[in-house]
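Number of protein chains: 2
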Amino acid sequence: MTFATAERHYPAPMVQLDSVGSDLLKAASDLLASDGPAALTVRRIANAAGVSTMNVYSRFGGKDGVVEHLFIEGFRRLAAGMSSIAASSDPVADLIACGLAYRRFAIDNPTLYSVMFDRVVPDYRPTPEAHLLAGATLGLLADRVERAMTAGALRSSDPLSTAALVWATCHGVVSLELKEVGPTAIDWPDVYDRAMTMIMTGLA
Amino acid sequence: MTFATAERHYPAPMVQLDSVGSDLLKAASDLLASDGPAALTVRRIANAAGVSTMNVYSRFGGKDGVVEHLFIEGFRRLAAGMSSIAASSDPVADLIACGLAYRRFAIDNPTLYSVMFDRVVPDYRPTPEAHLLAGATLGLLADRVERAMTAGALRSSDPLSTAALVWATCHGVVSLELKEVGPTAIDWPDVYDRAMTMIMTGLA
DNA sequence: ACGTTGCTATAACATTGTTATCACGGCGTC
DNA sequence: GACGCCGTGATAACAATGTTATAGCAACGT
């Protein structure tokens, strides 16, 4: 990635995954969760999966391809978590529930979260497809926002920008919490709750 | 850093900087700004400064020492930007001005910002001193918050947690803006303004 | 039964952070 | 003023990384 070739794309979407391929992905995910991003090396992934390094290249086109899969998997899980919130009669409560699901995902998958939002793998850039998926996740939130607007629970405005505002708020708090900036005396879950309610009342 | 030694600290605070040292730091900063974090290699830094690689080790103890200096420099600039806002008769307006200064810093120094808040250099962890400095920057904001509270412009609460809330909001929006997640149709400056005013009215 | 094809493992290469070796220059001492 | 020592810095060596090339091997088609 850094070295020889400058620009190239990973092999197509790869809808179906080989047994070895899924083993590699699982090994990479476990390695990332247990030993952090620095331990995510091609050789270690292959060793953990019990195969040779070449499989990483034949199946994923290189290390970045594996990271891309983790990136996508992360957004898939995040989207699943937010989608699991059933639409109730109180759209604002649903939005808050989505926000809590967002935080739960981040806290439960901190390394995955850092792959998605920190650029923890030095020169990995999401492909357009992955970018689109991230945008779709935002769209999921925008749908909820729009529903709340048509129900009159939220002041009418651009749903996408408003969803971005909500997302940014959630991301900001949980991001600082995960990075452990500032003194440890801060009650982050409380800050999260306060931020959520403030945004919601501000949007109402 | 990744290789031989596992744990070690960088040479003391280094209050005074050699001419070669400052050249190295400037070269590293320029390199980071121009070619991104992947280009921040020891050899390249040394070459750009016109000296040999050993100087990086004798003066900064390794690459992480240089990154640490950039990290600190970033927080210093951020603190300077926020400190430049003079205290007026309207403490809330001052806080908003601080928020705008925050965004300006991030937009003007995106790579520095990513060193500070993304873990863009794989396994660099801020030393306790750097951590403390980051906390002090938050304290700067907390002072303003406290002033606004005693003036009655903001509801009384824990200043530090409230400052963390403000910080997280600013960070969340600008972080997503810099990472270019989601569609490009979003008017991030507007989202930033909306988030700021919402937090402020929510805290009032 | 034989040739071809595709995959996998091993080894080579360029680049990285780091450490060791060594030469050279400035200082103190006689 | 000449000599020895120390310390600084440049060069080269080392371990580990992502990537690519080479070679072996098994399975398939004819």
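Chains E and L supply the protein sequences, listed in that same order. Mapping of the first sequence onto the working numbering: position 182 corresponds to residue 182, and the numbering continues sequentially without gaps. Quick note: to get the working numbering, add 1000 to the position in the second sequence (first position is 1). C-beta atoms are modelled at their ideal positions from N, C-alpha and C, and glycine is treated no differently. The structure displayed is predicted, hence computed values, not measured ones.
- Interface annotation for the region 33 to 60 of chain E against chain L: 36, 37, 38, criterion Cβ-Cβ distance under 8 Å.
- Identification of residues in the region 167 to 184 of chain E having a C-beta nearer than 9 Å to some C-beta of chain L yields 167, 168, 169, 170, 171, 172, 173, 174, 175, 176, 177, 179, 180, 181, 182, 183, given in sequence order.
- Taking a beta-carbon distance threshold of 8 Å, residue 1107 of chain L does not count as an interface residue toward chain E.
- Separation of the CB atoms of residue 1062 of chain L and residue 1056 of chain L is rounded to 7 Å, and the pair is thereby assigned contact status at 8 Å.
- Put simply, the CB of residue 85 of chain E is far from chain L, with every gap to its CB atoms at 8 Å or more.
- DSSP, reduced to helix, strand and coil, places residue 61 of chain E outside both helices and strands of the structure shown, so it counts as coil.
- Sequence-distant Cβ neighbours of residue 88 of chain E in its own chain, meaning closer than 8 Å and more than five residues away, are 94.
- The three-state secondary structure of residue 34 of chain E, taken from DSSP, is helix.
- With its beta carbon less than 8 Å from one in chain L, residue 198 of chain E belongs to the interface.
- Your pair residue 171 of chain E and residue 105 of chain E does not check out as a contact, with CB atoms roughly 11 Å apart and the cut at 8 Å.
- Annotation: Cβ neighbours of residue 186 of chain E in chain L (cutoff 7 Å, chain order): 1160, 1161, 1164.
- If only uninterrupted alpha helix (DSSP H) runs of at least 4 residues are considered, those enclosed by the region 1090 to 1164 of chain L are 1091 to 1108, 1110 to 1117, 1128 to 1150.
- Residue state for residue 73 of chain E is assigned as helix, using DSSP reduced to three classes.
- For residue 120 of chain E, a Cβ of chain L is located within less than 8 Å of the residue's own Cβ.
- Cα atoms of residue 150 of chain E and residue 204 of chain E: separation of roughly 12 Å, rounded to the nearest angstrom.
- Excluding sequence positions up to five before and after residue 133 of chain E, its CB lies within less than 7 Å of the CB of 72, 75, all in the same chain and listed in chain order.
- Judged by pairs of C-beta atoms under 8 Å, the region 26 to 41 of chain E touches the region 100 to 114 of chain E, as three or more such pairs exist.
- Three or more Cβ pairs closer than 8 Å define a contact, and the region 1155 to 1172 of chain L meets that threshold against the region 163 to 170 of chain E.
- Restricting attention to L/1041, L/1048, L/1040, L/1038, the CA atom closest to the CA of residue 1020 of chain L is found in L/1048.
- Contact residues of the region 131 to 160 of chain E toward chain L are 134, 135, 138, 160 (C-beta to C-beta distance below 7 Å).
- Residue 1034 of chain L and residue 1191 of chain L have their C-alpha atoms spaced approximately 28 Å apart.
- Relative to the Cα of residue 127 of chain E, the nearest Cα in the group E/54, E/37, E/64, E/42 belongs to E/64.
- Scanning its chain for C-beta atoms nearer than 8 Å, with the 5 sequence neighbours on each side dropped, one finds around residue 1036 of chain L the residues 1111, in chain order.
- With fewer than 16 neighbouring CB atoms inside 10 Å of its own CB, residue 152 of chain E falls in the exposed class.
- For the pair residue 140 of chain E and residue 79 of chain E, the CB atoms are nearer than the 8 Å cut-off.
- Here the alpha carbons of residue 25 of chain E and residue 98 of chain E stand approximately 28 Å from one another.
- Distance from the CA atom of residue 1166 of chain L to the CA atom of residue 1200 of chain L, rounded to whole angstroms, is 8 Å.
- With contacts defined as CB atoms closer than 8 Å, residue 145 of chain E and residue 162 of chain E qualify as a contacting pair.
- Counting the other CB atoms within 10 Å of its CB gives residue 184 of chain E a total below 16, which places it among the exposed residues.
- Under the Cβ distance rule, residue 1071 of chain L does not count among the residues neighbouring chain E, no pair being separated by less than 8 Å.
- Using a Cβ distance threshold of 8 Å, residue 1092 of chain L and residue 1154 of chain L count as a contacting pair.
- Taking a C-beta distance under 8 Å as the contact criterion, residue 120 of chain E and residue 1119 of chain L qualify as a contact pair.
- Inter-residue distance for residue 137 of chain E and residue 82 of chain E is about 9 Å (C-alpha atoms, whole angstroms).
- Residue range 188 to 203 is occupied by the alpha helix (DSSP H) that includes residue 199 of chain E.
- If you draw a straight line from the Cα of residue 1164 of chain L to the Cα of residue 1103 of chain L, it is about 16 Å long.
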